[in-house]
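**Q**
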Amino acid sequence: MALDGLVVRGMVHELQKLTGGRIAKIHQPSGTDIVMQLRAQASNLKLLLSANPTYPRIHLTRQSFQNPQEAPMFCMLLRKHCEGGVIEEVRQVGTERIVHMDIRQRDELGDVYLKRIVVEIMGRHSNIILIDPRTGTILDGIQHVTPAISSHRIVLPGSSYTPPPEQGKADPLTVDRDAFREILGQAAEADESEGQLAKRLVGAFSGISPLAAAETVFRSRAERDRIGPLDALGNAFEGILSNIRDNRYFPEIREDAATGKSAFSVIELTHIQGERETFSSVSECLEAFYGDKAEKDAVKQRTGDLQRFLINERNKNGKKLEKLEETLEEAKDADKYRILGELLTASLHLLKKGDKEVEVVNYYDEEQKPVTIALDPLLTPSENSQRYFKKYTKTKNSLLAVEEQLVQTHEEIRYLDSLLQQLNSASLADIEEIREELVEQGYVRDRGRKQAKKKKKDKPALTRYVSSEGIDIYVGKNNIQNEYLTNRLSHASDTWLHTKDIPGSHVVIRSASYGEATLLEAASLAAYYSQAKESSQVPVDYTLIRHVRKPSGAKPGFVIYDHQKTLYVTPDEKLIKQMQNSPA
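Be aware that the sequence shown starts at 1, since it is given in the UniProt record's numbering, and climbs by one per residue.
1. Taking the continuous beta strand (DSSP E) assigned at R39, which residues delimit it?
2. How is residue 586 classed by DSSP in three states: helix, strand or coil?
3. Would you tell me roughly how many angstroms separate the C-alpha atoms of Q405 and E412, rounded to the nearest one?
4. Can you give the Cα-Cα distance for N397 and L379, rounded to whole angstroms?
5. Is L379 helix, strand or coil when you go by DSSP?
6. Within the continuous beta strand (DSSP E) that includes A374, where are the two ends?
7. For I149, count neighbouring C-beta atoms within 10 Å of its own C-beta (all shown protein chains included) and say buried if the count is 16 or more, exposed if not.
8. My parser needs the beta strand (DSSP E) runs of 3 or more residues fully inside the stretch 255-343; what are they?
9. In whole angstroms, what separates the C-alpha of K336 from that of G354?
10. Would the stretch 384-392 and the stretch 319-337 be scored as touching if the rule is three or more Cβ pairs under 8 Å?
11. Straight-line CA distance for I87 to G21?
12. Measure the C-alpha to C-alpha separation of P539 and A527 and round it to an integer number of angstroms.
13. Beta-carbon separation of E359 and P370 under 8 Å?
14. Taking the straight line between their C-alpha atoms, what separation do you get for A170 and A298?
15. Spatial neighbours of M579 within its chain, please: CB distance less than 6 Å, with the 5 preceding and 5 following residues excluded, ordered by chain position.
16. Inspect the CB distances between the stretch 138-145 and the stretch 29-36 and report whether three or more fall short of 8 Å.
17. Touching or not, the stretch 420-435 and the stretch 285-301, by the rule of three or more beta carbon pairs under 8 Å?
18. Output the distance between the C-alpha atoms of P571 and I154, rounded to the nearest integer angstrom.
19. Please classify A522 as buried or exposed, where buried requires at least 16 other C-beta atoms within 10 Å of its C-beta.
20. Looking at C-beta atoms only, is the number of pairs between the stretch 223-237 and the stretch 94-111 that lie closer than 8 Å three or more?
21. I'd like to know whether the C-beta atoms of G158 and T137 end up nearer to each other than 8 Å.
22. How would you call S505, buried or exposed, if buried means at least 16 neighbouring beta carbons within 10 angstroms?
23. Assign R106 to buried or exposed, taking buried as 16 or more other Cβ atoms, counted over all protein chains shown, within 10 Å of its Cβ.
24. Measure how close the beta-carbons of A204 and I183 come, nearest whole angstrom, since I'm counting them as under 8 Å.
25. Start and end of the alpha helix (DSSP H) containing E516?
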């Protein structure tokens, strides 16, 4: 795990500024996450505690979270014991990924008491536990651990708190050069590979991840031949740990040019060759690395049923389209049946009941070549000719119906594609609006979780960006937001943007005057929030709002427009993230 004991130490050092701060509000946006709103050092801050099995972490955050209407029991318990309390201390247990946060609070009688929140960052075994430090009793945990799950310890209300089992590793911060040599012994021989040396470090010292170990081994290369692998490793190890002891951290994210994978640390990752992004704080680094991943995973979990439903509907309409196109191709031969009927009518004197076919001259053909016409022997000559005329009429009528169905099916596919694109770029706050739209359109049933439906919000939350020229740019990320943005919020002189013939978001520049930089940034937003997000040179149409309108009876989010111009942009995720944005 990249979030090792060194990163936790850097994070805890950063959180010292919370000491003396007051907890104003506590929320639990998901089953594994706690968000605390704090007032510390004359600033309003948000602290995220996460026991997410994939992305466990603790850091300050600027991210917005959607909270449930009813707080979970664990959140209610934290509010009871910690809300309004003062943070006394934040500390790390050794160099482990365990953080203790002591909170001083007063009870109903005015007596002061202390409660401790323990954040254990241990992959799928991560937990957030509230304990009474006087007795060591667990008040509750965000994840319960029963005897059936673990024989080592129980995490249930009323149980005694038992720390995670120790691994018997040395503390790297207290190890001197002699102790380092003694711990590794003769393991670091010249014939050992760098991978084996890194594993030795991970196995010997607590808080050292494979990433930090790989960096240590890499830095030892320069001296290995001159002073030997063990001493070179010791020098590199000491160089890294001396910075950690002195609380000198270098938060960064590196993207490996060879694999495309990213890694983060509070030490410089010189062994990874690729693009480097540095941060002024550990929290900013963790937010940049984990924020999008965690939210995308949460969105994926919550929209799995909708995703499967929409893909299934898209596939069904795709098959329907194929059949309609086949029928259309057949219907194009309608005139053939009319001609055959007329040729039979002109040749009735050559026919008699019981004939299976007849050869007549095709006077519709320039060369007047003979044509053989199949007959029903059970029908009279006149009935056979009428049979072809009826077939002509039926085919002609079906052609009109098929063309109408083709238009409807193409429209349905366009709509489903737009919904799939919206799910792919949705935030947690957008999901319910998409689900609500599908219920209104009759695609899915209302789950009926509440007898009284809550009143619709008149103003859906849009995403607002500010261009480099200081101009507001709004983005609608689903059809409810798109319709509100385009049809209600925007002015006639605002500029509307959308990817050309590609499902995507409505984007509006909220100003009658702006420069080229704002236009390109808005176009980049339109391309980024579209199905062509990963493409280059994406065509984006733009026109004034006065030239955009929704046809009567059209699907949600569908508009037609004119007087447009087109420009081509390549979506740049880093540019999007650098643009200042806030909820409208």
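Glycine included, each C-beta is placed from N, C-alpha and C at the ideal position.
Predicted model only: the values in this text are computed from it and were never measured.
**A** Taking the definition as stated:
1. Residue numbering aside, residue 39 sits at position 39 when the sequence shown is read from its first letter. 33-40 is the span of the beta strand (DSSP E), which, as asked, contains R39.
2. Beyond the ends of the chain as shown, which are 1 and 584, falls residue 586; an answer cannot be given.
3. Start at 1 with the first residue of the sequence shown, and residue 405 comes out as number 405. Start at 1 with the first residue of the sequence shown, and residue 412 comes out as number 412. Rounded to whole angstroms, Q405 and E412 show a C-alpha spacing of 10 Å.
4. If you number the sequence shown from 1, residue 397 lands on position 397. If you number the sequence shown from 1, residue 379 lands on position 379. So the two alpha carbons sit approximately 24 Å from each other.
5. Taking the first residue of the sequence shown as 1, we reach residue 379 at position 379. Assigned with DSSP and collapsed to three states, L379 falls in coil, not helix or strand.
6. The residue given as residue 374 occupies position 374 in the sequence shown. Run containing A374: 370-374, per the beta strand (DSSP E) assignment.
7. Within the sequence shown, the letter at position 149 stands for residue 149. Its Cβ having fewer than 16 others within 10 Å, I149 is exposed.
8. The qualifying runs are 262-265, 274-278.
9. Along the sequence shown, read from residue 1 onward, the residue named residue 336 stands at position 336. Along the sequence shown, read from residue 1 onward, the residue named residue 354 stands at position 354. Distance between the alpha carbons of K336 and G354 is about 23 Å.
10. Contact between the stretch 384-392 and the stretch 319-337 is present, with at least three C-beta pairs closer than 8 Å.
11. By one-based count along the sequence shown, residue 87 stands at place 87. By one-based count along the sequence shown, residue 21 stands at place 21. Going by the C-alpha atoms only, they are around 6 Å apart.
12. The sequence position of residue 539 within the sequence shown is 539, counting from 1. The sequence position of residue 527 within the sequence shown is 527, counting from 1. P539 and A527 have their C-alpha atoms spaced approximately 8 Å apart.
13. Within the sequence shown, residue 359 is the residue found at index 359, counting from 1. Within the sequence shown, residue 370 is the residue found at index 370, counting from 1. Their beta carbons are under 8 Å apart, which means E359 touches P370 by this criterion.
14. The residue you call residue 170 lines up with position 170 of the sequence shown. The residue you call residue 298 lines up with position 298 of the sequence shown. Cα to Cα, the separation comes out at about 37 Å.
15. Along the sequence shown, one-based indexing puts residue 579 at 579. Taken in chain order, the residues that qualify are Y465.
16. The way I'd put it, the stretch 138-145 does touch the stretch 29-36; three or more beta-carbon pairs between them come closer than 8 Å.
17. Two segments are said to touch when three or more pairs of C-beta atoms, one from each, lie closer than 8 Å; by this definition the stretch 420-435 touches the stretch 285-301.
18. Counting from 1 along the sequence shown, the entry for residue 571 is found at position 571. Counting from 1 along the sequence shown, the entry for residue 154 is found at position 154. Computed Cα separation, rounded: 49 Å.
19. Counting from one through the sequence shown, the residue named residue 522 turns up at place 522. When all chains shown are included, A522 counts as buried.
20. Contact between the stretch 223-237 and the stretch 94-111 is absent, because fewer than three Cβ pairs lie under 8 Å.
21. By one-based count along the sequence shown, residue 158 stands at place 158. By one-based count along the sequence shown, residue 137 stands at place 137. A contact, by the Cβ cut-off of 8 Å.
22. If you number the sequence shown from 1, residue 505 lands on position 505. Buried: at least 16 other Cβ atoms inside 10 Å.
23. Here the question's residue 106 lines up with position 106 in the sequence shown. Around the beta carbon of R106, fewer than 16 other beta carbons lie within 10 angstroms, which makes this residue exposed.
24. Locating residue 204 in the sequence shown gives position 204, counting from the first residue. Locating residue 183 in the sequence shown gives position 183, counting from the first residue. Indeed, because the Cβ distance is near 5 Å, the residues count as touching under 8 Å.
25. Here residue 516 is taken as the residue at index 516 of the sequence shown, counted from 1. Looking at the DSSP string, the run of the alpha helix (DSSP H) that includes E516 is 516-528.
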